[in-house]
Every structure is written in C-alpha cells, then in structure tokens.
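As structure tokens, the structure follows; a few thoughts come after it.
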Amino acid sequence: MSVQIAPSILSADFARLADEAAAVATVADWLHVDVMDNHFVPNLTLGAPVVAALHAATPLPLDCHLMIDDPDRWAATYAEVGAGNVTFHAEAAADVVQTARSIRAAGARAGLALKPGTDVESYLDVLGEFDMLLVMTVEPGFGGQEFLPAMMPKVARARKYLRDAGLPLWIQVDGGVTEETIETCARAGADVFVAGSAVYGAHDPAAAVSALRHRARVFAAEAQASSR
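First residue of the sequence shown? That's 1 in our numbering, and the numbers climb one at a time after it.
Okay, here's the thing in structure tokens:
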C-alpha cells in the first residue's frame, strides 16, 4: 500500500485552522484531527462542530482520532459530519466490531487505535472489520512527546499478520514521528504517518510533508523488498 502522510492539527494554530489546513492541502493525504474529551485522556480539544467546519474548509479528507470515552455512542457522528476516517480506541469501546460497522454504515472508513500498553494480539481476529490499525507511538493525550521505539515490534507483528491473512489494512503510527523516526516506522511496516510538530513546527509545513513522504517511501520500499 502507498505511503500516506497525515499532518496533525493538534500542533497547528487553533485560531487559524482553515489557513493551517490550506498550508498542507496540496501535499498531504489526510488531515489528522485529534478529538479528546478530558476523560479518556487528560486533555480537551475539539468536537464534531469543528470537524464539520474543517470539512467545509479543506479538500483534504479528515482522519479523526477519537480519544474519548464511549466511542460506541459517538463515533458514527464524526462520519456523519464529514470525516473520511474515524479511529477509536479499543480500550474505550464496549463493542469494537459494532462500532466499526456503525462508522462504515455512516460512510467513513473505520480505524482501531491501541495505546502503547495494549497488545495487538487480542484484536487480530477483528481486524477484518477495519480499514486501519493505529499503533500509538506515544501515550495519547498530548502532542510533542518523545517517540517510543519499543512500539515497533507491535507494528511488525501486525504487518506480518495482515500480510499472511491477506487483509489490506493500513497501519498508522501517531506520536513523535519526524524525519528521523519515520525510518524505523516504515521499516517495521507502517504506511500511514501522523506528524504534528514535525509539520506545523516547521518553517514550511508543505515542504516538511514532502520530506517525510520521501523518507517513508524509501524505507517502506526497502522493507517490502526484504519481506519477499
């Protein structure tokens, strides 16, 4: 699967979200939107009305990452207001399969997110219900954290399982992704990369996206060649 870059607006200027989205609109694949409720994670960001406004303001598909309690109740709402992908946390959901189906029924792709302490093996049998697996490479809740390389074996195990099972899921990594860390992510088998401060902390966000894509493609190609 092709490399996808998803700049995270968690690191953008919240007073200028439309402009910040426009800064990467011609080079990014997704705009990553972190939704936090100050319950599942100790931070409060934005909700469905802002997602709807962003959907109207940018041509980029929105990749909503729900870090909230009770995603079973709320996830489909984000698809209904314009998200192209809605990812929710396994740790917060009562029924991951039903929630994935409700997202898909509302017209979006469904993603399953795992915190660093959550093993992937417990969820391998339900991955056929999803379009993407998000392996968190930091503890969810705040941007700018240090990348956790210990998550790469989890990515590699998931990629091997998906390859062997013939399941065409993306594997997304989120947290501490930079030009330096994207190499190890791509080599492990990730193909969707969320980058916040590496993009919006750069002088030229669009150039930063292009640089990340180039590095990811190089190392992803090497990883695919070595797996044959």
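Here a beta-carbon is modelled for each residue, glycine too, at the ideal position from N, C-alpha and C.
Taking 9 Å as the cut-off, the Cβ atoms of Glu20 and Tyr161 do not count as close. By the criterion of at least three beta-carbon pairs nearer than 8 Å, the segment 174-182 is not in contact with the segment 119-130. Counted as a single uninterrupted DSSP element, the stretch harbouring Met132 is not any alpha helix (DSSP H) but the beta strand (DSSP E) occupying residues Met132 to Met136. Between the C-alpha atoms of Ala207 and Ala6 there is a straight-line separation of about 14 Å.
The beta carbon of Thr99 sits closer than 7 Å to the beta carbons of Pro71, Asp72, Ala75, Phe88 and Ala93 from its chain, once the five residues preceding and following it are set aside; these are given in chain order. In the three-state reduction of the DSSP assignment, Leu62 falls in the strand class, which pools E and B. Of all alpha-carbon atoms in Val33, Gly166 and Ala22, the one lying nearest the alpha-carbon of Gly143 is that of Val33.
Excluding sequence positions up to five before and after Phe130, its CB lies within less than 7 Å of the CB of Ala100, Ala110, Gly111, Leu112 and Leu169, all in the same chain and listed in chain order. A residue is called buried when at least 16 other Cβ atoms come within 10 angstroms of its Cβ; Arg213 meets this threshold and is buried.
Thr26 is classed as exposed because its beta carbon has fewer than 16 other beta carbons within 10 Å across all chains shown.
In the DSSP assignment, Gln98 falls within the alpha helix (DSSP H) that extends over Val96 to Ala105. It is roughly 15 Å from the alpha-carbon of Glu139 to the alpha-carbon of Gly196. Setting aside the 5 residues that flank it on each side, Ser11 is surrounded in the same chain by Gly143, Gly144, Gly196, Ser197, Val199, Tyr200 and Gly201, each with a C-beta closer than 8 Å to its C-beta; the list follows chain order. In the DSSP assignment, Pro7 falls within the beta strand (DSSP E) that extends over Gln4 to Pro7. Distances from the CA of Asp69 to each of Thr45, Thr58 and Val41 were compared; the closest alpha carbon is that of Val41.
Distance between Phe147 and Met36, taken at the CA atoms: about 20 Å.
When the five nearest sequence neighbours on each side are left out, the beta carbons in the same chain lying within less than 7 Å of the beta carbon of Ala223 are those of Ala186, Arg187 and Gly189, in order along the chain.
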